[in-house]
Amino acid sequence: MVVNSRQIFLAMEERDPHAIRVAEALVSKFSPPFLDIQYSTHPSDIPGESQGKSANVAWAAKAVEKKYLGRASFQDVLVTVMDSDTHLLGTYYSLIQKRHLALRRQSDLAAATLYTAPIVFDRNAHLVPRLVRAADLGWSCAGLACYKLPEDYHGIAFPTSVYTLPLSFVSSIGGWDTGPGAIGEDMHMMLKCYFATNGHLNIESIASPASMSDITSGSTGLSGWFSNHKARYVQGLRHMWGCLDAGYALQHWCQMESASPDGNTVHKLNNDDVKSGSSLGVGKVDVRGSKVRFVWFRNAVLFLRLFEAHIFPLHLLCILVASNSYSAHLSSSKTSPYIEIILQVTAYVRTASFVLMAVCLFTAYASFYKVCVQMRQWEMRKAGLHEFTFDFSKRERWILGSILDILSLTLASTLFGTLPLFQAALSHFWSDRLIYRVSGKPSKSHSS
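Each residue of the sequence shown is one higher than the one before, starting from 160 at the first, in the numbering used here.
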């Protein structure tokens, strides 16, 4: 897939006073290598919408669909969603093209496939506080743990910030949702696609990690240290606000149970955000080529993944607090000896789990991270972008800093995962809306 076959759509927000100026500057500077670069400005006053990435992407997707109205070539278009700080290697597109063409030759699943890639924070990790770095290390590992092998037909992989879908598929399900329940845009869209195909969505993990930046407040000194942690907590709260997707999945699973048993019809989505009909005239997605034979088993895997993402972090903290408190007040003379044995065994299991996780981070993940950095350096030099090759965060496996990062992972996960999840779950008793704040990322000024 050559560069000049790619079209860029910049999804800008109308409420940003600099949006149009920035978009036009980017179009002017970077348009020559690409087939086309356009931008859209998402209005902030659309009734019923909740401001955020999903609503912005939905607006940009309408512009993409409008461009292909009346053109049969839309069947060949793949839409990639990515954040503004994301760096994708050329292998991401070439691997997707190769796999997509193979699916078109072998079955009808190409039109119902979601491509996703793991992420790695290898840009400015050395410039942010240790707990922020450790939290993003855990975030990267969580995405990598969902990596799906091609022959694992019943596997589930949630996209993290970056994913690709056929335009025809996007149009057939009504595009991206824009209500408050869609704040977890990437996971929400994957769930929407999953239930739209009655559990037969084909998910392909692409072995080309997306490079991301750690969140930063841009401040320095002690105030910068505090503001960086505050910014990461706000980002974590936004991520965990997406636990609304657990309810979304449960609702549509209940509707799915009464759907056609052959799994070949598209599940009817009743979400208020879904706009009826396809502007491109796309009908139901054909999933007869699906190799998923036990949808009930795949549903179980799906809800296990949702449990890991939105229930387990808080559940684990509750277990630790309760078991330690109980053990401290345990009277051996009044308690069954089996209770004490069970508490000891589970404590050993938790310790062993942490040790095994640390071993994995020091070995497999360290090698993964090193390869990611080397590949990005090589590709940037090949593209002649030598002035950007300093933009890397290298990790040495056995230095003190790396060891402390891993040891602080538990604390970082609690501060930026468990506590935001608790706040989000408690807040949902009163409201499902969250004021969307864009995460601060490092920026540079380069002469044109």
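For every residue, glycine included, the Cβ atom is placed at its ideal position computed from N, Cα and C.
Quiz prompt | Three or more C-beta pairs below 8 Å linking the segment 516-529 and the segment 553-562 | solution = yes
Quiz item: If you follow the beta strand (DSSP E) that Phe581 is part of, which residue opens it and which one closes it?
Solution: Not the beta strand (DSSP E): Phe581 falls in the alpha helix (DSSP H), residues Leu578 to Ser586.
Quiz item: In this structure, does DSSP put Ser331 in helix, strand or coil?
Solution: helix
Exercise. Tell me whether Val444 sits in a helix, a strand or coil according to DSSP, three-state version.
Key: Coil at Val444, not helix or strand.
Quiz prompt | Sequence-distant residues of its chain with Cβ nearer than 6 Å to Pro472 (five each side left out) | solution = Gly576, Thr577 and Leu580
Practice problem: Name the residue from Tyr274, Leu479, Gln265 and Ser243 whose alpha carbon lies nearest to the alpha carbon of Ala316. | Solution: Tyr274
Quiz item: Between the Cα of Leu479 and the Cα atoms of Thr569, Phe551, Gly395 and His177, which residue gives the shortest distance?
Solution: Thr569
Practice problem: With DSSP collapsed to three states, give me the class of Ile565. | Solution: Of the three classes helix, strand and coil, the one that applies to Ile565 here is helix, per DSSP.
Quiz prompt | Within the segment 337-391, ranges of the beta strand (DSSP E) (whole runs, at least 3 residues) | solution = 361-364 and 369-371
Practice problem: To the nearest angstrom, report how far apart Ser145 and Ser330 are at their CA atoms. | Solution: Only positions 160 to 607 of the chain appear in the structure, and residue 145 is not among them; the question remains open.
Quiz item: Between which two residues does the alpha helix (DSSP H) harbouring Met539 extend?
Solution: Residues Ala525 to Lys541.
Quiz item: Would Gln265 be called buried (16 or more neighbouring beta carbons within 10 Å of its own) or exposed?
Solution: exposed
Quiz item: How would you call Tyr497, buried or exposed, if buried means at least 16 neighbouring beta carbons within 10 angstroms?
Solution: exposed
Exercise. Count the other CB atoms, across all protein chains shown, that sit within 10 Å of the CB of Leu593; report buried if there are 16 or more and exposed otherwise.
Key: Around the CB of Leu593, 16 or more other CB atoms lie within 10 Å, so the residue is classed as buried.
Quiz prompt | Boundaries (first-last residue) of the alpha helix (DSSP H) holding Ile478 | solution = Run containing Ile478: Phe471 to Ala487, per the alpha helix (DSSP H) assignment.
Quiz item: Mind checking whether Ala408 and Leu463 have CB atoms under 8 Å apart?
Solution: At a Cβ-Cβ threshold of 8 Å, Ala408 and Leu463 do not count as neighbours.
Quiz item: For Phe193, does the three-state DSSP call read helix, strand or coil?
Solution: coil
Quiz item: Under the rule that 16 or more other beta-carbon atoms within 10 Å means buried, what is Ser243, buried or exposed?
Solution: exposed
Quiz item: What is the C-beta distance between Thr323 and Thr245, in whole angstroms, given that I count them as a contact (C-beta under 8 Å)?
Solution: Actually they are not in contact, since the Cβ atoms of Thr323 and Thr245 sit about 12 Å apart, beyond 8 Å.
Exercise. Report yes or no: do three or more beta-carbon pairs, one from the segment 223-235 and one from the segment 351-366, lie closer than 8 Å?
Key: Contact between the segment 223-235 and the segment 351-366 is absent, with fewer than three C-beta pairs closer than 8 Å.
Exercise. Apply the 10 Å Cβ neighbour rule to Phe168 and answer buried if 16 or more other Cβ atoms are within range, or exposed otherwise.
Key: Classification of Phe168: buried, given that the 10 Å Cβ count is 16 or more.
Quiz prompt | Residues that DSSP places opposite His246 in a beta bridge | solution = Ser370
Quiz item: Taking Cβ positions, are Gly207 and Glu344 nearer each other than 8 Å?
Solution: no
Quiz item: Secondary structure at Ser199, three-state DSSP: helix, strand or coil?
Solution: strand
Quiz item: Around the C-beta of Cys402, are 16 or more other C-beta atoms found within 10 angstroms, so that it is buried, or is it exposed?
Solution: buried
Practice problem: Let me know if Phe233 comes out buried or exposed under the rule of 16 or more other beta-carbons within 10 Å of its beta-carbon. | Solution: buried
Exercise. Under 8 Å by Cβ, that's how I've got Arg258 and Glu363 pegged, so tell me the actual separation to the nearest angstrom.
Key: Contact holds; Cβ gap of about 6 Å.
Quiz item: Which whole-angstrom value is the C-beta distance of Ser567 and Ala293, which I expect to be below 8 Å?
Solution: 5 Å
Quiz item: What residue does the alpha helix (DSSP H) around Ala220 start on, and which one ends it?
Solution: Lys212 to Lys226
Practice problem: Could you spell out the range, first to last residue, of the alpha helix (DSSP H) harbouring Pro496? | Solution: Pro496 to Cys519
Quiz item: Which class does Met241 belong to by DSSP, given the choice of helix, strand or coil?
Solution: coil
Quiz prompt | Pairwise C-alpha distance: Ala214 and Gly340 | solution = 11 Å
Practice problem: Answer with buried or exposed for Pro420, where buried requires no fewer than 16 other C-beta atoms within 10 angstroms of its C-beta. | Solution: Summary for Pro420: the model assigns pLDDT 41, below 50, so the residue's position carries little reliability, and this model does not support an answer.
Practice problem: Can you tell me which of Met399, Ser449, Ser327 and Glu173 puts its alpha carbon nearest to the alpha carbon of Ile470? | Solution: Met399
Quiz prompt | Whole-angstrom C-beta distance between Asn283 and Ser552, which should lie under 8 Å | solution = 6 Å between Cβ atoms; contact.
Practice problem: Determine the extent of the beta strand (DSSP E) in which Tyr274 is found, giving its start and end residues. | Solution: Thr272 to Thr275
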